[in-house]
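Chains as they are written, first to last, in our numbering: chain U, 1 to 155; chain Z, 1 to 112.
Read the structure below first, then the notes.
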């Protein structure tokens, strides 16, 4: 799985407008659930917040990978937001986050979500990739950073 | 089915390697703390002490990773191993080999 399989400039927001964890998560849920009704988005946000309640998805180094569930014709989707100012996220390293990937899937596709989480977390180990995303000034620029990073990997 | 065995001297790649496995659908593997022959001989056998340069790339410990995978995943597994760890051509990097497996019990259906 490649990030370009499920991300596009339409599902990337730079910069995020929210100033808190909840605001940012709501923003990304709305980006991921474009065209859906408010009730649907609220239900997705609820699953994301429930997951955050178990343990923060802030994995350190300014990155958060929140994820949740939905019931949708689209089995799996994701979005990316880059914060203008670091946001408190209760991360494991105690530091605020700048890069937030949100992943959502239905009950049948948790493996797909797991593979996506693995790919994101592996690529984000590369300092240059993190820096490229964090300093992006537009969705198109962030997408280009992703395309260039993935071009360096055969899989 | 195939058994892929990796002796990884650069253990700093372990986390990325296992993450990459998950990414391509390898749902399980076993990781064993291991030590190479060169390390034991050059450190523990007195007559070979001082001959450490004879065993290039000798690392204090390495990791041995075993995973049983379907045949169709072998190419992807070898590709991600090289992407993450390099080509293993440099002495002391480690070792990778693939063996046929006749029968398996005890592994789940894995990721699809």
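Quick reminder that beta carbons are idealized off the backbone N, C-alpha and C, glycines included.
Alpha carbons only, please: which of U:110, U:16 and U:85 is nearest the one belonging to residue 76 (chain U)?
Closest by alpha carbon: U:110.
Amino acids of chain A, ordered along the chain, whose beta-carbon sits closer than 7 Å to that of residue 24 (chain Z)
This model lacks chain A altogether, as its protein chains are U and Z.
8 Å Cβ cut-off: residues of chain Z touching residue 133 (chain U):
Near residue 133 (chain U) there are no residues of chain Z at all, since even the closest Cβ is about 18 Å away, more than 8 Å.
For residue 1 (chain Z) and residue 136 (chain U), what's the separation of their Cα atoms in angstroms?
If you take the alpha carbons of residue 1 (chain Z) and residue 136 (chain U), they lie about 44 Å apart.
I'd like to know whether the C-beta atoms of residue 4 (chain Z) and residue 98 (chain Z) end up nearer to each other than 8 Å.
Their beta carbons are under 8 Å apart, which means residue 4 (chain Z) touches residue 98 (chain Z) by this criterion.
Determine the extent of the beta strand (DSSP E) in which residue 105 (chain U) is found, giving its start and end residues.
Segment 97-105, the beta strand (DSSP E) holding residue 105 (chain U).
Could you check what DSSP says for residue 106 (chain Z) in three-state terms: helix, strand or coil?
Collapsing the DSSP output to three states places residue 106 (chain Z) in coil.
Note the first and the last residue of the continuous beta strand (DSSP E) segment covering residue 79 (chain Z).
From DSSP, residue 79 (chain Z) is part of no beta strand (DSSP E) but of the alpha helix (DSSP H) over 74-85.
When burial is assigned at 16 or more other CB atoms within 10 Å of the CB, is residue 71 (chain U) buried or exposed?
By the 16-neighbour rule on beta-carbons within 10 angstroms, residue 71 (chain U) is exposed.
Mind checking residue 119 (chain U): buried by the 16 CB within 10 Å criterion, or exposed?
Counting Cβ neighbours within 10 Å, residue 119 (chain U) comes out buried, since at least 16 surround it.
Got a sec? Which residues, its chain only, sit under 7 Å from residue 54 (chain U) by beta carbon, not counting five neighbours each side?
Taking residue 54 (chain U) as the centre and dropping the five residues before and after it, the same chain places no C-beta closer than 7 Å to its C-beta.
On the DSSP letters alone, give me the boundaries of the beta strand (DSSP E) that residue 114 (chain U) sits inside.
Membership of residue 114 (chain U) in any beta strand (DSSP E) is not indicated; the residue belongs instead to the alpha helix (DSSP H) covering 110-123.
Give the DSSP-derived three-state secondary structure of residue 53 (chain U) in the structure shown.
Residue 53 (chain U) falls in the helix class under three-state DSSP.
Bridge-paired residues (DSSP) for residue 76 (chain U):
Paired residue(s): U:105.
Using 8 Å as the cut-off, can you tell me whether the segment 76-89 of chain U makes contact with the segment 98-108 of chain U, which would need three or more C-beta pairs spanning the two stretches below that distance?
The way I'd put it, the segment 76-89 of chain U does touch the segment 98-108 of chain U; three or more beta-carbon pairs between them come closer than 8 Å.
Check the C-beta distance from residue 97 (chain U) over to residue 64 (chain U) and give it rounded, since I have them as a contact under 8 Å.
The C-beta distance from residue 97 (chain U) to residue 64 (chain U) rounds to 4 Å, short enough to meet the 8 Å contact threshold.
In chain order, what residues of the segment 114-146 of chain U put their CB closer than 9 Å to some CB of chain Z?
Taking 9 Å as the Cβ-Cβ cut-off against chain Z, the residues of the segment 114-146 of chain U that qualify are 114, 115, 116, 117, 118, 119, 121, 122 and 125.
Spell out whether any CB of chain U is found under 8 Å from the CB atom of residue 87 (chain Z).
Not an interface residue.
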